[in-house]
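One structure below.
2 protein chains.
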Amino acid sequence: MKTVSVIGDGQLARMMQPAAVELGIKLQLLAGAPDSSAAQVIPAVTVGDYHSTANCLAVAEGSDAVTFDHEHVPSDALSAMLDAGYSVQPAPSALINAQDKLVQRRRMRELGAPVPPFADISSVEDAQNFWNEVDGNVCLKACRGGYDGHGVWFPKDLTELESLVAELLEAGTPLMAEKKVALTRELSILVARNPSGEVKVWPITMSVQENGVCAEAIAPAPDLAPELAQRATDLGVQIATELGVTGVLAVELFAYTNDEGAEDIAVNELAMRPHNTGHWTQAGSITSQFEQHLRAVLDLPLGDPSASAPITVMANVLGADEDPAMPMVDRVVEVARRFPNAKIHLYGKGHRPGRKIGHVNLTGNAADAATVAATRRDAKLAAYFLVHAEWADQA
Amino acid sequence: MKTVSVIGDGQLARMMQPAAVELGIKLQLLAGAPDSSAAQVIPAVTVGDYHSTANCLAVAEGSDAVTFDHEHVPSDALSAMLDAGYSVQPAPSALINAQDKLVQRRRMRELGAPVPPFADISSVEDAQNFWNEVDGNVCLKACRGGYDGHGVWFPKDLTELESLVAELLEAGTPLMAEKKVALTRELSILVARNPSGEVKVWPITMSVQENGVCAEAIAPAPDLAPELAQRATDLGVQIATELGVTGVLAVELFAYTNDEGAEDIAVNELAMRPHNTGHWTQAGSITSQFEQHLRAVLDLPLGDPSASAPITVMANVLGADEDPAMPMVDRVVEVARRFPNAKIHLYGKGHRPGRKIGHVNLTGNAADAATVAATRRDAKLAAYFLVHAEWADQA
Ligand SMILES: Nc1ncnc2c1ncn2[C@@H]1O[C@H](COP(=O)(O)OP(=O)(O)OP(=O)(O)O)[C@@H](O)[C@H]1O
Ligand SMILES: Nc1ncnc2c1ncn2[C@@H]1O[C@H](COP(=O)(O)OP(=O)(O)OP(=O)(O)O)[C@@H](O)[C@H]1O
């Protein structure tokens, strides 16, 4: 069949392997360490550094497509791979919109996509002006390198904003600011596009963030007006198409209540790779985001993204403050016994507080409020037990 | 988590890898060649021969359980691993019933499981007697080593039976004979059992054999009386329990019309590993047979075997007489374009006529006759195209 080189060795690369095994696709990995999450499960591993152009070129050799499990590959390495004739998916020209929040915001405004008011922050004065413009509702962001809420600040007063900005600019961090949105919830559009231009969109997903980290995803998003779901879907297609994205694109959305009192959306972040809010597709869609990503980067026709269950919930397994004494396998036993229908995913990672070490997918057989609530409760109980070795519903 | 050693390098071992990746289980493989189907996708591979006790012991090292993707590991090697303290699943005492058809038939009779009349054939005279007993409706079988219809004969007259038996006994092949059943169709019970004694049964599956090879599986089996489905389910639990099977057990069944004119069943073969008639579980059950097998051999609680779709069809991709010029990836493109909901599985094997090189799973969203027929048609069209590079429904 075909060979895909993957730069990045985390759980996203790891979870491409089951889809690759099924489709008969060979993966070649550039991994930072021989025992990293993805390197544990893929035979063809080059150990190296994704900052190194030479290492990137080495892993690209013999591939039909090169792709990523994160957005941090430097432009130099991307260009070198393109120059050497490799099929880099997504292309750097698309990827920049997932690498730089200011570039992305400008591009979204150009496309007419809804975004909060925002500004380039190159000086303390810029910050002061923006503070006044949005009545102090300021969200300050590092343009690059943020993840899981790192690189996002909500200063409580102008003094805090001024000193933050002075300090960060001093340290060489490019900054932007945007209006703090009165979020009612967060949603996510998961789209895939292949180089031939075919685009498919999964049902719109609701996500729950805790401390800046995705804790839960629910799909299809409950209580979403069909008109808004359609608008979000169209927006996903538009962004994927106009940016020339290839592979999976996640468009993180803010949901808020507009002046007419209705639920409305604005774009937050873009990610061009399988995304945490799309893990539910492993259990709840005909085509998982990992299979779709591989199909897309190889320019194969895309799979059916329809939901295969009325409701699917994904709960992240996030390292507890302290790792309990009970071995992980015994925790799995307890969870598997209580929830025989739970799909447990473990990433082969050691303990660290807050670290994403796995997730649990659970499907419900109806989409009424009670079933959704029960499915969410059970998925979260399962994920909680896997890190705390305790049932959150028992004293 | 845990480590499972797998002896055997075909598609069944290969398809354990996606489930292992998800659950965080490490697989160690004993493979006949470094590029065999399973060895392509599993990092920890020992290249060796499963006939070699030393090789089996080597791959068992460090494992929490040892299991198989075929029944042909010699007793010596099995005993040596047990003696060395490894957890061999299934145990040799259970496995013998999948290795030797005569042992199995005797055991089934003991259990009161329905089997056709049968006899040990140690001489031409035994064959003559059995011929008379069953009015010439004889099916002759090699007790060991058969697969995909090899080792099964239907002599058309007594002379043919006599010369076959003489020849085979001369060659040292242990033989049995059984009554040729007037099959109406074939069914399969898929069960899993863990060492703690937990047993779970998937919905009863219908399978279609062509030239002695499984061509298609449909689950849940259409038009199966609930009473008969229950009886088959109970039979699966009984066999798994009384034989002490661990891991997946497939009980191949003959369906026939009994004296009351109703559909009835008799046991044909046992297989103690994931089975071709269970591939549909990858797309159509909460827990696939590959995940369940790993859970079972590690004595983890078993997953929910419920169907997740009203109907699922699996069609085997069997090497054509001649391999068409169109590259496999182009065939995949055509099939993926026509059937975006087809789950294509390729085993990384080269062409050989009749060889199992992949399968296609397809779910239908209703279980009425028209949907079942359409799903079967589409799955078979997809599988046919993957080997012939032609649509069977186009001139
Ligand atoms: N303008 C805003 N108004 C209100 N809340 C915001 C705003 N921007 C970000 N947030 C909150 O902070 C979280 C993290 O922000 P953002 O997604 O931009 O950062 P990130 O670190 O790149 O996140 P991730 O890794 O999850 O993509 C958001 O999920 C949201 O809860
Ligand atoms: N007693 C019988 N009466 C009628 N047909 C039979 C009988 N035994 C076997 N067959 C036919 O021959 C096929 C192969 O037989 P069997 O399953 O015993 O052999 P095998 O080579 O071990 O098969 P497999 O590899 O599929 O398990 C069966 O699927 C069935 O179609």
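Here the protein sequences come in this chain order: A and B.
Per the UniProt record's numbering, the first sequence starts with residue 1, numbered consecutively.
Per the UniProt record's numbering, the second sequence starts with residue 1, numbered consecutively.
Note that CB positions come from ideal geometry on N, CA and C, so glycine has one too.
Remember, it's a predicted structure, so these values are computed and weren't measured experimentally.
In whole angstroms, what is the alpha-carbon distance linking residue i and residue j?
i: residue 401 of chain B; j: B:Ala315; result: Residue coverage of chain B in this structure runs from 1 to 395, which leaves residue 401 of chain B outside it and unanswerable.
i: A:Gly145; j: A:Thr173; result: 10 Å
i: B:Asp259; j: B:Pro114; result: 15 Å
i: B:Asp148; j: B:Ile357; result: 14 Å
i: A:His345; j: A:His359; result: 5 Å
i: B:Met326; j: B:Ala389; result: 7 Å
i: A:Pro220; j: A:Val313; result: 9 Å
i: A:Gln394; j: A:Gln209; result: 24 Å
i: B:Ile286; j: A:Asp83; result: 45 Å
i: B:Leu187; j: B:Ile204; result: 7 Å
i: B:Asn276; j: B:Cys214; result: 7 Å
i: B:Gly32; j: B:Asp9; result: 7 Å
i: A:Ala283; j: B:Leu168; result: 50 Å
i: A:Leu381; j: A:Ala392; result: 6 Å
Please determine whether the Cβ atom of residue i lies at a distance below 7 Å from any heavy atom of ligand 2.
i: B:Asn268; result: yes
i: A:Cys56; result: no
i: B:Pro116; result: yes
i: A:Leu95; result: no
i: B:Cys214; result: yes
i: B:Lys356; result: no
i: B:Val181; result: yes
i: A:Val199; result: no
i: B:Glu252; result: yes
Given a cut-off of 8 Å on the beta-carbon distance, is the pair residue i and residue j in contact?
i: A:Val248; j: A:Ala192; result: yes
i: B:Val47; j: B:Ile7; result: no
i: B:Leu318; j: B:Ala342; result: no
i: A:Ile121; j: A:Met206; result: no
i: A:Val124; j: A:Glu160; result: no
i: A:Pro274; j: A:Val201; result: no
i: A:Ile189; j: A:Leu140; result: no
i: A:Leu270; j: A:Asn97; result: yes
i: B:Glu198; j: B:Pro116; result: no
i: B:Leu298; j: B:Asp35; result: no
i: B:Gln238; j: B:Leu111; result: yes
i: A:Tyr50; j: A:Leu27; result: no
i: A:Glu263; j: A:Ala225; result: yes
Keeping to the same chain, check which residues put their C-beta closer than 6 Å to that of residue i; ignore five residues upstream and five downstream.
i: B:Gly348; result: Ser37, Gln40
i: A:Met15; result: Phe290
i: B:Asp76; result: Thr53
i: A:His293; result: Gly247, Val248, Pro274
i: B:Gly212; result: Asp148, Gly149
i: residue 422 of chain B; result: The structure shown does not extend to residue 422 of chain B, since chain B is modelled only from 1 through 395, so no value can be given for it.
Is any non-hydrogen atom of ligand 4 found closer than 7 Å to the C-beta of residue i, if you look at the structure I gave you?
i: B:Tyr86; result: The model depicted lacks ligand 4 and carries ligand 1 and ligand 2 instead.
Kindly indicate which residue of the options has the alpha-carbon position closest to the one of residue i.
i: B:Ala94; options: B:Met328, B:Thr312, B:Gly244; result: B:Gly244
i: A:Lys179; options: A:Ala266, A:Tyr86, A:Leu190; result: A:Ala266
i: A:Thr281; options: A:Ala320, A:Ser87, A:Gly32, A:Ser308; result: A:Ser308
i: B:Val332; options: A:Arg376, A:Ala296, A:Leu23; result: A:Leu23
i: A:Ala370; options: A:Tyr384, A:Thr241, A:Gly261, A:Asp223; result: A:Asp223
i: B:Ala182; options: B:Val134, B:Leu158, B:Glu227, B:Ile25; result: B:Val134
i: B:Arg109; options: B:Glu242, B:Gln89, B:Glu61; result: B:Glu242
i: A:Pro74; options: A:Val21, A:Val387, A:Leu57; result: A:Leu57
i: B:Asp330; options: B:Val387, B:Trp131, B:Leu228; result: B:Val387
i: B:Ala373; options: B:Ile218, B:Ala80, B:Pro43, B:Ala229; result: B:Ile218
What I want to know is whether the C-beta of residue i ends up closer than 7 Å to one or more non-hydrogen atoms of ligand 1.
i: A:Gly149; result: yes
i: A:Ala127; result: no
i: A:Glu186; result: yes
i: A:Glu133; result: no
i: B:Val387; result: no
i: A:Lys156; result: no
i: A:Cys139; result: yes
i: A:Glu263; result: no
Only counting the same chain, and skipping five residues up and downstream in sequence, which positions put a Cβ closer than 7 Å to that of residue i?
i: A:Arg185; result: Met206, Ala255
i: A:Pro310; result: Gly364, Asn365, Ala366, Ala367
i: A:Asp321; result: Pro353
i: A:Leu12; result: Asp69, Arg273, Pro274
Can you name, in chain order, every residue of its own chain whose Cβ lies under 8 Å from the Cβ of residue i, other than the five neighbours on each side?
i: residue 454 of chain B; result: This structure gives no information on residue 454 of chain B, because the portion of chain B shown stretches from 1 to 395.
I want to see whether chain D comes within less than 8 Å of residue i, judged by CB atoms only; does it?
i: B:Asn341; result: Absent from the structure: chain D. Protein chains present are A and B.
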